[in-house]
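Numbering (full-length UniProt numbering), first residue to last: 1 to 94. C-beta atoms are modelled at their ideal positions from N, C-alpha and C, and glycine is treated no differently. Because the structure is a prediction, the values reported are computed rather than measured. Reading through the structure tokens given below for one structure.
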């Protein structure tokens, strides 16, 4: 879905995400950026996390990930979780 880019995340945030979201790591979200059917949305409610992407990870789980553009060709993943049933319907309808 995106051209050449690099994914990065903070390890402290990764540990917190693993604990808060049932073992979903920020690294799991990398595959979502390569999902041809991924949905990308702007999150107007959060200045710190202005972009949301929803797509399938490497194990075919539907994930929702928050990210920012950290510089040219760099994506900073700030959170990742399993999509809700409402989000899954939205993904399937597009």
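Helix, strand or coil: how does DSSP classify residue 89 here? In the chain shown, residue 89 corresponds to position 89, counting from 1. Residue 89: helix per DSSP, three-state reduction.
Which term fits residue 1, buried or exposed, when burial requires 16 or more other beta carbons within 10 angstroms of its beta carbon? Along the chain shown, read from residue 1 onward, the residue named residue 1 stands at position 1. Any reading at residue 1 needs caution, since the residue's pLDDT is 45, under 50, leaving its predicted position unreliable; the model's value is listed next. Exposed.
Inspect the beta-carbon positions of residue 13 and residue 78 and report whether they are closer than 9 Å. Here residue 13 refers to the residue found at position 13 when the chain shown is read from its first residue. Here residue 78 refers to the residue found at position 78 when the chain shown is read from its first residue. Cβ distance < 9 Å, so residue 13 and residue 78 count as in contact.
Enumerate, from N- to C-terminal direction, the unbroken beta strand (DSSP E) stretches of 3 or more residues contained entirely within the stretch 7-70. Listed in chain order, they are 39-42, 51-56.
Roughly how far, in whole angstroms, is the beta-carbon of residue 81 from the beta-carbon of residue 63, given that I think they are within contact range, below 8 Å? Here residue 81 refers to the residue found at position 81 of the chain shown. Here residue 63 refers to the residue found at position 63 of the chain shown. Residue 81 to residue 63, Cβ: 7 Å. Contact.
Count the other C-beta atoms from every protein chain shown that fall within 10 angstroms of the C-beta of residue 37, then say buried if there are 16 or more, exposed otherwise. Translated into positions along the chain shown, residue 37 becomes position 37. Exposed.
Excluding the five sequence neighbours on either side, which residues of its own chain have a C-beta within less than 8 Å of the C-beta of residue 88, listed in chain order? Residue numbering aside, residue 88 sits at position 88 when the chain shown is read from its first letter. Correct list, in chain order: 62.
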